[in-house]
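See below for the structure under consideration.
In this note's numbering, the protein residues as written are 2 to 79.
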């Protein structure tokens, strides 16, 4: 994540202050997790033990702090 993306992330977070986003859907693209407009690099999230992410996977994400997320599980469309 470059410095502009980090600044944008901070600005977005400040705009959402006090608004819990709850669970969100995200997609894995080239070792990043795209959650709405936000690109999460591996240092930005925790991942469930044993979960392996592949390009194109859909995942369920929960924000736990200003700059940390948890990837809870993969989700599929049946």
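Quick reminder that beta carbons are idealized off the backbone N, C-alpha and C, glycines included.
None of these values were measured; they are calculated from a predicted model.
Should residue 11 be labelled buried (16 or more other beta-carbon atoms within 10 Å of its own) or exposed? Residue 11 sits at position 10 when you count from the first residue of the chain shown. When all chains shown are included, residue 11 counts as exposed.
By alpha-carbon positions, which one of 78, 73, 29 and 13 ends up nearest to residue 49? In the chain shown, the residue the question calls residue 49 occupies position 48. Comparing alpha carbon positions, the residue from 78, 73, 29 and 13 closest to residue 49 is 73.
Distance CB(residue 62)-CB(residue 31) smaller than 9 Å: As a working note, residue 62 is residue 61 in the chain shown. As a working note, residue 31 is residue 30 in the chain shown. In this structure, residue 31 does not lie closer than 9 Å to residue 62 by Cβ.
Since residue 15 sits in a beta bridge, which residues does DSSP pair it with? Taking the first residue of the chain shown as 1, we reach residue 15 at position 14. Answer by DSSP bridge pairing: none, since residue 15 is not bridged.
Relative to the alpha-carbon of residue 6, which residue among 27, 41, 78 and 56 has its alpha-carbon at the smallest distance? Counted from its first residue, the chain shown places residue 6 at position 5. Of the listed residues, the one whose Cα sits closest to residue 6 is 41.
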